[in-house]
Structures are given as structure tokens and as C-alpha cells.
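Structure, as C-alpha cells:
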Amino acid sequence: MSKIKGAIVIDTDRCKGCQLCLVACPKDVIAIVKKKVNTHGYAYMVSERPEDCIGCTSCAVVCPDGCITVYRKKVEE
18 MSKIKGAIVI
28 DTDRCKGCQL
38 CLVACPKDVI
48 AIVKKKVNTH
58 GYAYMVSERP
68 EDCIGCTSCA
78 VVCPDGCITV
88 YRKKVEE
């Protein structure tokens, strides 16, 4: 049986740091950067634990600005 391994890419320049993706992620993969801001002055989200991503797309679905792209790959055990 194969598992799904996920990976997310966050467009940090477009992210407003609303944290909706942080709440939606079941594996706590996403975190907010508190000491840096993007070019628009917002603290932004990053993939802090990418190895735990399952590719569920919950983060991308709730993102109001479409900043998150989710990739999925089958991994054989």
C-alpha cells in the first residue's frame, strides 16, 4: 500500500498572515514568521515542518488570497 507525501509552497510575498491555514492544517506543518515581514509589511506563514505534510490541501482551500500550492506524491512502503 502506498502513502501520500505532501509538500506546500507558500507565496510569502502575497501572504497577509491571516493564519487561517495554520488553523486548518491537521499536522501543524505551518507556522507564522514573527520577526520578519514581507514587502507589504505583513508577517507571513512558512512551512515549518514540511516532513509532516500529508498533502490534504486544507491550507490551500482556506487561503483567501490563493498563496498556497500543494503538491502530492505517492510513496511506496
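Start counting the sequence shown at 18; every next residue gets the next number (this note's numbering).
For every residue, glycine included, the Cβ atom is placed at its ideal position computed from N, Cα and C.
Would I47 pass as a contact of S75 if the rule is Cβ separation under 8 Å? By one-based count along the sequence shown, residue 47 stands at place 30. By one-based count along the sequence shown, residue 75 stands at place 58. One thing to note: I47 has its Cβ no nearer than 8 Å to the Cβ of S75.
Output yes or no for whether 8 Å exceeds the beta carbon distance between C38 and V87. Against the sequence shown, residue 38 aligns to sequence position 21. Against the sequence shown, residue 87 aligns to sequence position 70. The beta carbons of C38 and V87 sit no closer together than 8 Å.
Take N55 and list the residues in its own chain whose beta-carbon comes closer than 7 Å to its own, dropping the five residues that flank it on each side. Start at 1 with the first residue of the sequence shown, and residue 55 comes out as number 38. Within the same chain, N55 has close Cβ partners T29, D30, C32 and Y61.
Please report the straight-line C-alpha distance between C42 and P81, rounded to a whole angstrom. Your numbering for residue 42 matches position 25 in the sequence shown. Your numbering for residue 81 matches position 64 in the sequence shown. The straight-line gap from Cα to Cα measures roughly 15 Å.
For V40, three-class secondary structure by DSSP: Your numbering for residue 40 matches position 23 in the sequence shown. V40 falls in the helix class under three-state DSSP.
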